[in-house]
Amino acid sequence: MSGTYIYTTVRFHGDSSHFTNATDGNKLRPPHLPIAIPWVGNALSFLSTKPHKFWTEVFSWYPRSAGTFRMTLGGYQTAVIFNAPAVEYILKDRKLGRDELNVQVTSNGLGLTRAESEMVYEHHTLPQPGEVPAHVEQDKTNVEYLLKTDRVNEMTAEFIDSLSQQVSAMFQEGCNEVNLFQWLRAVMFQASTKALMGQKILEVIPNLEELFFQFDQDMMSLFFGLPNFMVSKQVANRNRSVEALVGWHEAVASINKEVVDPEAQAWEPLYGSRINRARQIFYRKKNLPVRARAALDLGMLFGISSNAIPAAGWMLMHILDSMRPEKKAKDELTFYEHIMSEVRQSQNADGSLNIPILTNQPILLSTLHEVLRIYVDTLVSRKVERDMTLPLSHSSAADSKQEIEKYSPRSLFLKAGSMIMVPSWPSHTNPETWQSPSQPPPDEFYAYRFLTTSPSSEKPVFSTSPYAGMYFPFGGGKTICPGRVFAKQEILGSVAIMLLTFNFEVLGYVDEKGKNTTKFPGLRDTLPGSAVMVASGDLRVKVTRR
Numbered sequence: 032m033s034g035t036y037i038y039t040t041v042r043f044h045g046d047s048s049h050f051t052n053a054t055d056g057n058k059l060r061p062p063h064l065p066i067a068i069p070w071v072g073n074a075l076s077f078l079s080t081k082p083h084k085f086w087t088e089v090f091s092w093y094p095r096s097a098g099t100f101r102m103t104l105g106g107y108q109t110a111v112i113f114n115a116p117a118v119e120y121i122l123k124d125r126k127l128g129r130d131e132l133n134v135q136v137t138s139n140g141l142g143l144t145r146a147e148s149e150m151v152y153e154h155h156t157l158p159q160p161g162e163v164p165a166h167v168e169q170d171k172t173n174v175e176y177l178l179k180t181d182r183v184n185e186m187t188a189e190f191i192d193s194l195s196q197q198v199s200a201m202f203q204e205g206c207n208e209v210n211l212f213q214w215l216r217a218v219m220f221q222a223s224t225k226a227l228m229g230q231k232i233l234e235v236i237p238n239l240e241e242l243f244f245q246f247d248q249d250m251m252s253l254f255f256g257l258p259n260f261m262v263s264k265q266v267a268n269r270n271r272s273v274e275a276l277v278g279w280h281e282a283v284a285s286i287n288k289e290v291v292d293p294e295a296q297a298w299e300p301l302y303g304s305r306i307n308r309a310r311q312i313f314y315r316k317k318n319l320p321v322r323a324r325a326a327l328d329l330g331m332l333f334g335i336s337s338n339a340i341p342a343a344g345w346m347l348m349h350i351l352d353s354m355r356p357e358k359k360a361k362d363e364l365t366f367y368e369h370i371m372s373e374v375r376q377s378q379n380a381d382g383s384l385n386i387p388i389l390t391n392q393p394i395l396l397s398t399l400h401e402v403l404r405i406y407v408d409t410l411v412s413r414k415v416e417r418d419m420t421l422p423l424s425h426s427s428a429a430d431s432k433q434e435i436e437k438y439s440p441r442s443l444f445l446k447a448g449s450m451i452m453v454p455s456w457p458s459h460t461n462p463e464t465w466q467s468p469s470q471p472p473p474d475e476f477y478a479y480r481f482l483t484t485s486p487s488s489e490k491p492v493f494s495t496s497p498y499a500g501m502y503f504p505f506g507g508g509k510t511i512c513p514g515r516v517f518a519k520q521e522i523l524g525s526v527a528i529m530l531l532t533f534n535f536e537v538l539g540y541v542d543e544k545g546k547n548t549t550k551f552p553g554l555r556d557t558l559p560g561s562a563v564m565v566a567s568g569d570l571r572v573k574v575t576r577r
């Protein structure tokens, strides 16, 4: 073991020196981090449950400016890339796929058999004659029901209506004290589940919120394929969720064995939205057993609720925390007052929300994207199907492999079969990109970070364009999150409804066990790649109706 570490350390320093100082900068290979145990490689340190611990330790001795390194995870060599031009190139390349990773997610994470997972993604299989390939059909479904403006607006309207009905009945008398995120989570989960999956699922599974958020906490342990003895409790928790969803499918089948055509009404109580009904029809065409369909439904819930709800929670916590007396600047509008101004501007004459106006308010958008910048931990993964050359510096002339080699002074070479990992945290917090004399450091939350000033009106303008290749909370390429438009509307709509319906007074902070603390909530322990990370504590607030 010590011999392996000494050898790989010497090799690393040699490769690193060559990578940094090579005069011929074309077709460089990333240096490989030292390892102590063959096959295991860097997995033990990488799979730390302390948020960002692996990256901070690596960057304490390896220059972030290098932009890349290789590591070994369970026998697989992976090129880790956080160089802006290279990342931008990867995210734009729609030929780079992640089919094997999709199979791994559904098999390890959701509990499908490998055969069922390959059936869903047609991995190592071919469609039958005359049959539309699975990925084409799924892409078409996502475009039709998750990306078209009118279809997204239908789901948002259902969500807003459900959320509004819930909050209209709350706190009718006096004031109430609640833990903010815990309270928000319950009402948002109810509304988003109803909008997406229908009313019947909530009737059949009254404890769905509890089951789901336990699975949400366990998901990454399952995804990484840890040995069964290490995740037996997590597997049991997942199976309880799946069996509950099987019960929902059986209850629906007892009422109506056919799925309502997604081109009929926008929403119906048994299976909910158009997108969910289209999914159910696709799974039946694939002859998936009911348990596999239920597991995939759990994945659908995970995709929407595990990210939108904590993002809305972080937004509200930061907005309300700015009301504390010690946070207010004399003779200046507070962050809370800026947000309230934009939210009120987004109301129609009858008091309802105008979603197009709301989702274009610059300070609200900057706040949301600052939440995604600082609290998102994604691992964009791709498999290299052909030899590939990536630019390590920007060149307007370099668009193809040959042009990169000709015009880019330094480039990265990856062999066919290589795995690529593009982690968000090194890019989202890189001081070279985000450090500014007029702003707090990049490891601190700053709601106005994505604002510029319009030369013509001198009004604030929201923009992410300066951060190409360094900011990608939704991933990129052909696997970019298809639900991102609905998620944005859901998050901003939830924040607006809460602020317009209630007055809040921040009483203090509590830790994950509910005990009083002096610290704003930090991050809950989790494995890397968990997308929007969950708070380890909460804000204790006093709530009254406006």
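Quick note: the sequence shown uses the numbering used here, first residue 32, plus one each step.
Glycine included, every Cβ here is placed at the ideal spot set by N, Cα and C.
Predicted, not measured: the structure shown is a model, and the values here were computed from it.
Measure the Cβ-Cβ separation of residue i and residue j and say whether it is below 8 Å.
i, j, result
"Gly524", "Ile386", "yes"
"Leu253", "Gly140", "yes"
"Tyr152", "Asn173", "no"
"Asp247", "Phe551", "no"
"Ala222", "Gln203", "no"
"Gln296", "Asp569", "no"
"Leu78", "Gly508", "no"
"Ala323", "Glu147", "yes"
"Met452", "Leu215", "no"
"Asn374", "Ala226", "It is worth fixing the name first, because residue 374 is Val in this sequence and not Asn. No; because the gap between Cβ atoms is not below 8 Å, this pair is not in contact."
"Phe85", "Ser76", "yes"
Mark residue i as exposed unless 16 or more other C-beta atoms lie within 10 angstroms of its C-beta, in which case mark it buried.
i, result
"Trp92", "exposed"
"Ser578", "Residue 578 is absent from the structure shown; the chain starts at 32 and stops at 577."
"Tyr314", "buried"
"Leu301", "buried"
"Pro422", "buried"
"Ala428", "Here the model assigns Ala428 a pLDDT of 45, short of 50, so the residue's position is not dependable, and the following value carries that caveat. Counting Cβ neighbours within 10 Å, Ala428 comes out exposed, since fewer than 16 surround it."
"Asn534", "exposed"
"Glu29", "With the chain covering 32 to 577 only, the question about residue 29 has no answer from this structure."
"Arg42", "exposed"
"His49", "exposed"
"Ser449", "buried"
"His400", "buried"
"Asn578", "In the structure displayed, the chain extends from 32 to 577; residue 578 sits before or after that span and is not available."
"Lys437", "With a pLDDT of only 49 at Lys437, under the threshold of 50, the placement of this residue in the model should not be trusted, and no figure is reported."
"Gly382", "exposed"
"Gln470", "exposed"
"Asn287", "exposed"
"Glu208", "exposed"
"Thr390", "buried"
"Ile232", "buried"
"Cys512", "buried"
"Glu416", "exposed"
"Asp408", "buried"
"Trp456", "buried"
Can you name, in chain order, every residue of its own chain whose Cβ lies under 6 Å from the Cβ of residue i, other than the five neighbours on each side?
i, result
"Ile350", "Tyr367 and Ile370"
"Pro341", "Val563 and Val565"
"Ile388", "Ser377"
"Phe220", "Glu240 and Ser336"
"Trp465", "Pro473"
Here's a check: name, in chain order, each residue in its chain whose Cβ is nearer than 7 Å to the Cβ of residue i, leaving out the five neighbours to either side.
i, result
"Lys58", "Thr420, Ser442 and Phe444"
"Val402", "Ala342, Trp345 and Met346"
"Phe308", "According to the sequence displayed, residue 308 carries Arg and not Phe. Closer than 7 Å at the Cβ level, and outside the excluded window around Arg308, lie Val290, Val291, Pro293 and Tyr302."
"Asn268", "Gln245, Phe246 and Asp249"
"His44", "none"
"Ala325", "Val273, Leu276, Val277 and His280"
"Asp46", "Pro62 and His63"
"Arg485", "First, the amino acid is wrong: residue 485 is Ser here, not Arg. Only Val492 meet the Cβ criterion."
"Ser195", "Ile528"
Is the CB of residue i under 8 Å away from at least one CB in chain B?
i, result
"Ala309", "You won't find chain B in this structure, because it holds only one protein chain."
Between residue i and the rest of its own chain, which residues show a CB-CB distance below 8 Å, the 5 nearest in sequence each way excluded?
i, result
"Gly553", "Ala566, Ser567 and Gly568"
Any contact of the stretch 546-558 with the stretch 323-340, i.e. 3+ C-beta pairs under 8 Å?
Look at the beta carbons and you see the stretch 546-558 not touching the stretch 323-340: under three pairs across the two are nearer than 8 Å.
Is the stretch 178-198 touching the stretch 519-537, taking contact as three or more C-beta pairs under 8 Å?
Remark: three or more beta-carbon pairs, one from each stretch, lie closer than 8 Å, so the stretch 178-198 and the stretch 519-537 are flagged as touching.
Runs of beta strand (DSSP E) wholly within the stretch 445-519 (minimum 3 residues, chain order):
You should have 450-454, 482-484 and 491-493.
Using 8 Å as the threshold, is the stretch 264-277 in touch with the stretch 236-246, meaning 3 or more CB pairs across them?
Between the stretch 264-277 and the stretch 236-246 there are three or more C-beta pairs closer than 8 Å, enough to call the two in contact.
Are there three or more Cβ pairs, one per stretch, closer than 8 Å when the stretch 99-115 is compared with the stretch 58-74?
Inter-segment contact for the stretch 99-115 and the stretch 58-74 is present: three or more beta-carbon pairs are separated by less than 8 Å.
Length at least 3, wholly inside the stretch 86-132: the beta strand (DSSP E) runs in chain order:
For the stretch 86-132, whole beta strand (DSSP E) runs of length 3 or above, ordered along the chain, are 99-104 and 107-112.
Which runs of the alpha helix (DSSP H) spanning at least 4 residues fall entirely within the stretch 377-405, listed in chain order?
Fully enclosed alpha helix (DSSP H) runs of 4 or longer: 386-389.
Give the list of continuous alpha helix (DSSP H) stretches no shorter than 4 residues that lie fully inside the stretch 218-250.
Listed in chain order, the complete alpha helix (DSSP H) runs (minimum 4 residues) inside the stretch 218-250 are 231-235.
Validate contact between the stretch 496-509 and the stretch 109-124 using beta carbons, cut 8 Å, 3 pairs
At 8 Å Cβ cutoff, the stretches touch.
Any alpha helix (DSSP H) of 4 or more consecutive residues that is wholly inside the stretch 530-555:
Here no run is fully enclosed.
Complete beta strand (DSSP E) runs within the stretch 180-223 (minimum length 3 residues, chain order):
Qualifying beta strand (DSSP E) stretches, in chain order: 207-210.
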